[in-house]
Each structure stands twice: as C-alpha cells, then as structure tokens.
C-alpha cells in the first residue's frame, strides 16, 4: 500500500524566515506529485506538480518554490516567509484518484 | 477558468435527518470533467469519498450519494440519514484526468448534532 508522509506536522515561523516542508511517498514508483495550499477559510489550491525527478511545474505563484530531488520526495520551500503563507499544506499523488498526505499546518507570525 | 462553488460554509443537521450539500461547477478548459467529493474527518487526512467520471451517473459511498448533472452543472452530495460520525469537512472537486488538474471548492463543514 502507498503511504504519504509529510513533515513537519506543524510549524510556527517568523515573517522573513526560511521554510522547508517535505513530503515522501512510499510504495509507488514514479508518482505524479502535487503541493496544495489552503488558507484559513479558503479553498485548496494546487501550487506545484511534478511528474518526474528534477521537473516541477508551478500552477500558482505564491513566492514559494518546489523541488523533486528524488523519485519519492517533494520539497516546498521559500527563503522569506510572508504572513500570507500561513495555512495548511498538503502533498498528494495521483492514481485513479488523488491521495493526500496528512498535511502541515503553517503559522507565520 | 475552472471553478467549484459550495455555497454553504457550515451546515448543522440533527442525527437521523437528511442532508444535502450543494456543489456546482464551471469549466472552460476541461472537456470531460471528473467530479469528486473529498472528506476530512477531525484529526484525519483528506480522503476521497466518491468519484463520478461520466455525466448522468451516480456515485455512492458510506451512505452518501452524488449525481453528476451536466445540464445543471451540479454534483450535490446527499445522505438520507446522517450520523454523528459524519461530522467532517466535505470538499467538492473538479478534475481533468488528462492533466491531473484538480480544482476544489471551499469546503462545507458538517456538524451533526445528537
């Protein structure tokens, strides 16, 4: 069975500080991977997707970047956090449906 | 563009009563959209509740049903008799199987009171 692990579970960061969120997929080779973001009270927005190692496509510009250093790993990062980055970040992969990780709650103060 | 509208942010229903959560969609880029309902139970991750890929068909799971209505561009979620354990946030979504693009609604929080 495929599993998705995200880290950290939650993070509280200062404005202007760097951020790195991680996602690992186990049990699935060469998955299509996605990052989603949901602001409090907002909708889930697709941020990035990647179909292979080293290739990432941006869907929504939020002053964030993503990388796929390994087949089973997807990283979301920024050098300078903004208040507007607060929210819930979900990693997902696509099979017949989309499977989501448990998410990371980010609070920027 | 593509969008999904859920008009109710929160719904409160008494146990054993019926439920309907509204969802309408709009798309300009997806020729044959797939429609989904996802659910997030308290303390758990987002998971698929049901999916319908063909207009006119109905999907069902855990007592919930939704019919893909292309004429009214709707995919309302219904349940005849809700339980307390159904309390969760429900998201309607529109997907493109050719590109894996998925567009979500804003979600509807269902609170079932005993």
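Residue numbers (my numbering), protein chains in the order written: chain A, 2 to 110; chain B, -16 to 97. For glycine and all other residues, C-beta sits at the position ideal for the given N, C-alpha and C. Here the structure is a predicted model, which is why all the values come from computation and not from measurement.
- Between the beta-carbon of residue 54 of chain A and that of residue 29 of chain A there is about 14 Å, and that puts the pair past the 8 Å contact cut.
- Here the alpha carbons of residue 2 of chain B and residue 66 of chain B stand approximately 10 Å from one another.
- Cβ proximity to chain B below 9 Å picks out 35, 37, 39, 42, 43, 44, 45, 46, 47, 50 and 52 from the segment 35 to 58 of chain A.
- Under the Cβ criterion of 8 Å, residue 34 of chain B is counted among the residues facing chain A.
- Shortest Cα-Cα distance from residue 21 of chain B to any of A:104, A:108 and A:98 involves A:98.
- Restricting attention to A:13, A:11 and A:38, the CA atom closest to the CA of residue 93 of chain A is found in A:38.
- One Cα belongs to residue 59 of chain B, the other to residue 4 of chain A, and the distance between them is close to 30 Å.
- Counting the other Cβ atoms within 10 Å of the Cβ of residue 35 of chain A gives 16 or more, which makes it buried.
- Not flagged as an interface residue toward chain A: residue -15 of chain B, since no C-beta distance is shorter than 8 Å.
- Here residue 83 of chain A is exposed. Its C-beta has fewer than 16 other C-beta atoms within 10 Å.
- Contact of residue 95 of chain A with chain B by beta-carbon distance below 8 Å involves 83.
- Look at residue 58 of chain B: its C-beta is not under 8 Å from any C-beta on chain A.
- Leaving aside the five residues that flank residue 108 of chain A on each side, the residues in its chain whose CB is nearer than 6 Å to its CB run, in chain order, 13 and 87.
- For residue 87 of chain B, the nearest beta carbon of chain A is closer than 8 Å to its own beta carbon.
- Rounded to whole angstroms, the gap between the alpha carbons of residue 82 of chain B and residue 12 of chain B is 11 Å.
- In this structure, DSSP gives residue 31 of chain A a state outside helix and strand, which the three-state scheme calls coil.
- For residue 39 of chain B, not one C-beta of chain A is nearer than 8 Å to its own C-beta.
- Within chain A, the residues whose beta carbon sits less than 9 Å from that of residue 74 of chain B are 44 and 45, listed in sequence order.
- Around the beta-carbon of residue 64 of chain B, fewer than 16 other beta-carbon atoms lie within 10 Å, marking it exposed.
- For residue 64 of chain A, no Cβ of chain B is located within less than 8 Å of the residue's own Cβ.
- In the three-state reduction of the DSSP assignment, residue 84 of chain A falls in the helix class.
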